[in-house]
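In what follows, a single structure is set out as structure tokens and then discussed.
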Amino acid sequence: MVAHAITFQGSVLADLGTGSSRPAVLKFTEQDFIPVLLSDLEDQSGQTRLRERDATKKQNSLSQARFFQPVHRTFNVVMLEAFCDTPGKPRLDPERVVAAGICIRRTGQVSGPRRNPNYDPHPIEQGWFRTSGQVLGWRPVPPQAAGQAPIWDPEPEARKAQRLGRNPHIKSQFEAALPASSTWQEDWAPLFIAPPELCRKQGKTYFYGYLPVTSEERSDVDPSAPAPFADEDILARLPALLRRTRTDEDVEPVTGTKTQKYIEDNAGDPDVAQLLSTLRYLAQEPGIFPPFGEPEPDDAASTLRNLLRGTNLETDAGNRSLFDVLDAAYRTLIERRNADAVVLPGDWPLPTQSGEDAYIAAAGEAMRGRWSGLAPDEKRYDLLNARYRLHAFVRIAGEPGCPDKTIWSEPSDIFEIVPWYEGSDAKPTVVELPPLNPDRMGDMKPNVAFKVPPEIQKFMSALKLDDLMDGKQPSTRLGFGMICGFSIPILTICAFIVLQIFLALLHILFWWLPFVRICIPFPMIQEEE
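Counting from 13, one number per residue, gives the positions in the sequence shown under our numbering.
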């Protein structure tokens, strides 16, 4: 076993947290920040500069640190040191270090909207785990990993060796009794030992490592988040056609046989608008209309389709189910595929109370099915109101015949991750626009080309501004493909001009110009003629 105790704590050089033994976190905006760190560690003046890089100085209203992401062009570096807990506190021999790293654990979140002061911590810290080639995601850490003196190592093989020693006979006896978490690997980022010459010069064994506060990882086993709507929400969006009662604003959809031209010319009429909005709702939210030419799938919308088929309507073409009428209307009026006219009933009957309840349940089933297919899985750090702690460890080689020992630092104070859309201390990225000089316009030749398929080219060539304002669809023309070249600098100028116009217009509503636009003049050197 290790002959004496070893202390693993935040670097004293930074003097962060008034001598606290918690890990020190330094903030850098330099692109090549590791050489800057190692250079400043060399002397007292450099270490004084490091004290000004304390990343915990930026805090929220709850006095919790806020760490920037790489998208802010800001990088966080964790600094620790290890020494023997004996008189004189000699530094730990780097040759005894097997591994060192940092674990980020989710420890609590703010209930309700972001920045709500009502702090609601999780009863147990959560670590990011994986096992057997699968990412488990956030899971409560086992009891032996919690507390001030955890008996824990992020790697399952290291834990097994520490718990059972190196006797293979004893290991085989206890293998079946191990808990499920015994195979879990807690995600950790490496810590590196500073160069040997630097450590000898300062008389300390420094550890440093990049603190990752962004990740694309998702859980492979957690179910998708439940759909965020209840029956009341579905009823509020249900078209009047499927509701038992209608308000004064709800008119009956248009009836009788109608041509496409009639629908186009009267699109603003309440009865026509009611039909079109019903078709768009059924297509977009429950998704009852399958793609044109494809067989009807057996999916979450099947119940709603079958309900609509159970209602018969009298039309000029005879009895037809409500679904068949709506499907034909959708193909004709929205997709414009089937015919020049659509056959609608002479009357749209109101459903009964039980019928409305059935529509709500079926629409909810369909919408939840679409939600499960479209809702993105939550990434590791997606939860904006989450709070985290940093835990650092060092694994020390054991004495002959003894397993390695894992030593943990005190956990950091609670911190949050600054969302990507907030500004940082780094200087903004500059996009230089070309001058609108007629003599230079010829230099800005097209440098990107769009390959336009015949369908889009046919649509674009028939566009007329007046027709667009009136809601009219372009007429059919002969289609052909085209390759269109554009100058990215010119497109950037156009986008910049449009941006300025819309910022000024929306400023009337949001009063945001002082925050989102800062324009400062700078001199231009004029060439003498």
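Backbone N, C-alpha and C define an ideal beta-carbon position, used for all residues, glycine too. Since we're looking at a predicted model, the values are computed, not measured.
Within 10 angstroms of the beta-carbon of G299 lie 16 or more other beta-carbons, which makes it buried. Annotated three-state conformation of D339 is helix, per DSSP. In the three-state reduction of the DSSP assignment, L395 falls in the coil class, being assigned neither a helical nor a strand state. In the DSSP assignment, G280 falls outside any beta strand (DSSP E), carrying neither H nor E. Judged by DSSP secondary structure, Q365 falls outside any beta strand (DSSP E) and instead within the alpha helix (DSSP H) spanning 365 to 386. Exposed is the label assigned to C496, since fewer than 16 other Cβ atoms lie within 10 Å of its Cβ. Its Cα nearest to that of I18, the residue K417 stands out among A341, W432, K417.
Inclusion of D52 and G58 in the CB contact set at 7 Å is warranted, their separation being smaller than that value. A check of alpha carbon separations from K439 across R85, K70, P35, G410 identifies R85 as the nearest. Here Q156 has I163, W164 as same chain residues with Cβ atoms under 6 Å from its own Cβ, once five neighbours each way along the sequence are excluded. Per DSSP, the unbroken beta strand (DSSP E) holding P152 starts and ends at 146 to 152. When secondary structure is reduced to three states using DSSP, Q43 falls in the coil class, being assigned neither helix nor strand. DSSP, read as helix, strand or coil, puts Y218 in strand. The alpha helix (DSSP H) runs lying completely inside the region 218 to 258 and spanning 4 residues or more are 243 to 249, given in chain order.
About 7 Å separates the beta carbons of L345 and Q272, which is inside the 8 Å limit, making them a contact pair. Listed as beta-bridge partners of Q197 by DSSP are R142.
With fewer than three CB-CB distances shorter than 8 Å, the region 373 to 385 does not count as touching the region 261 to 281.
Residue environment for K216: buried (at least 16 other C-beta atoms within 10 angstroms of its C-beta). For the region 400 to 437, the full-length beta strand (DSSP E) segments reaching 3 residues or more read 417 to 420, 427 to 429 along the chain. The beta-bridge partner set that DSSP reports for R78 consists of E428. In this structure, V90 lies away from L210, with their beta-carbon atoms at least 7 Å apart. For L92, no alpha helix (DSSP H) segment is defined; the enclosing uninterrupted segment is the beta strand (DSSP E) at 87 to 96. Between the region 422 to 429 and the region 72 to 88 there are three or more inter-stretch CB-CB distances shorter than 8 Å, so the stretches are counted as touching.
Annotation: R230 to Q146 spans about 10 Å, alpha carbon to alpha carbon. The residue from N449, V510, D245, G268 with its alpha-carbon nearest to that of G358 is G268. In the three-state DSSP reduction, M453 falls in the helix class (H, G or I).
Secondary structure note for C496: its beta strand (DSSP E) is the uninterrupted segment 494 to 498.
For E228, the closest of P388, V110, I419 by C-alpha to C-alpha distance is P388. From the listed residues H16, M453, A252, I136, the smallest Cα separation to R401 is found for I136.
Boundaries of the beta strand (DSSP E) harbouring S333: 330 to 333, taken from the DSSP string.
By the Cβ neighbour-count rule, C115 is buried, with 16 or more other Cβ atoms within 10 Å of its own. For the pair L518 and L511, the Cα-to-Cα distance works out to about 10 Å. Residue pairing by DSSP places Q71 opposite A77 in a beta bridge.
CA-to-CA, the gap between G376 and D234 works out to about 22 Å. According to the DSSP assignment, K470 belongs to the alpha helix (DSSP H) that extends over 466 to 473. For the pair F498 and P458, the CB atoms are nearer than the 7 Å cut-off.
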